[in-house]
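A quick write-up on the structure given underneath.
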Amino acid sequence: MENPETVFLFDVDNTLLDNDRVTTDLRRYLDKEVGMKRSELYWDIFEELRNELGYADYLGALQRYRISHPYDSHLLAVSTYLINYPFANRLFPNSLDVIEKCSTLGTVVILTDGDVVFQPRKIERSGLFEAVGGNILVYIHKEQELHDVERRYPAERYVLVDDKIRILSSIKSAWGDRVTTVFPRQGHYALDAEQVAQYPAADISIERIGDLLEIDSF
438 MENPETVFLF DVDNTLLDND RVTTDLRRYL DKEVGMKRSE LYWDIFEELR
488 NELGYADYLG ALQRYRISHP YDSHLLAVST YLINYPFANR LFPNSLDVIE
538 KCSTLGTVVI LTDGDVVFQP RKIERSGLFE AVGGNILVYI HKEQELHDVE
588 RRYPAERYVL VDDKIRILSS IKSAWGDRVT TVFPRQGHYA LDAEQVAQYP
638 AADISIERIG DLLEIDSF
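Okay, so the sequence shown: first residue is 438 according to my numbering, each after it adds one.
Next comes the structure, spelled out in structure tokens:
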């Protein structure tokens with residue numbers, strides 16, 4: 438690949454897509470389908486699995502839930518709900534406009550953590566796969582895979598947009614002045630003042646992803 442001047446790296450959950458709303462919708466659906474007690478069991482498993490893996494694994498939690506309740510007739514309905522969820526309706530306002538603008542300034546790539554089934558499905562159904570021309574990178578811990586990011590998308594400089602200040606700080610530490618970090622203050626991670634205070638400020642902080650439309654240079 439020819440070295441472009443700039444590669445824009447966008448996270449998905451709570452950066453381009455309101456994943457907190459997805460979680461709220463799923464919680465409501467689970468309460469209705471399996472009852473509040475079993476719904477809470479699912480979320481306990483979900484958090485346990487996230488601590489183990491380092492990313493949200495909705496289908497993996499459902500599979501583990503199945504071990505406890507192998508004859509639960511609602512499992513198929515919940516699985517279908519997740520797979521067919523209308524993720525395009527959960528994109529933050531102007532997400533696609535921001536991608537379109539950045540595409541005129543360099544190469545745009547989705548850089549996200551997640552499993553190998555549900556996360557790509559979310560990206561495809563939301564319209565993000567098409568918006569970035571199929572430039573998708575899904576890792577378990579993306580901040581540990583920068584060598585592969587550079588190999589696949591070599592560039593003189595990078596712009597990283599992510600709602601997790603921990604990720605921004607880690608990649609800034611690794612790449613230094615080669616990367617401009619952008620922190621959209623969206624979602625529960627970005628709004629956790631105690632967590633945010635533990636890390637250096639990003640190069641650019643914005644209130645919402647659409648604010649990138651007002652920035653002319655990075």
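The beta-carbon is built from N, C-alpha and C at its ideal position, and this holds for glycine as well.
| Query | Result |
| --- | --- |
| Contact belief for TYR466 with TYR518 at Cβ below 8 angstroms, rounded distance in angstroms | 6 angstroms |
| Beta-carbon gap between LEU528 and LEU454 smaller than 8 angstroms | yes |
| Through-space distance from ASP457 to GLU412, alpha-carbon basis | No statement about residue 412 is possible, as the shown extent of the chain runs from 438 to 655 and does not include it. |
| Three-state class that DSSP yields for PHE655 in the structure shown | coil |
| Distance, MET473 Cα to HIS584 Cα | 44 angstroms |
| Assigned exposure category for ALA592 - 16 Cβ within 10 Å defines buried | buried |
| Same chain, Cβ closer than 6 angstroms to SER532, neighbours up to 5 away in sequence not counted | LEU453, ILE646 |
| Sheet register partners of PHE447 (DSSP bridge) | ILE547, VAL598 |
| Three CB pairs or more closer than 8 angstroms across the region 494 to 503 and the region 541 to 558 | yes |
| Identity of the residue in CYS539, LYS559, ARG503 nearest ASN521 by Cα | LYS559 |
| Bridge partner(s) assigned by DSSP for SER642 | PHE620 |
| Beta bridge counterpart(s) of LEU542 as assigned by DSSP | DSSP output for LEU542 lists no bridge partner at all. |
| Buried versus exposed, by CB contacts within 10 Å (16 or more), ASP448 | buried |
| Distance between ALA568 and ASN451 (C-alpha atoms, nearest Å) | 17 angstroms |
| Backbone secondary structure at LEU513 - three-state DSSP | helix |
| Chain D contact for ILE643 (CB, 8 angstroms cutoff) | Absent from the structure: chain D. Only one protein chain is present. |
| DSSP state of LEU490 mapped onto helix, strand, coil | helix |
| Where the beta strand (DSSP E) containing TYR576 begins and where it ends | 573 to 576 |
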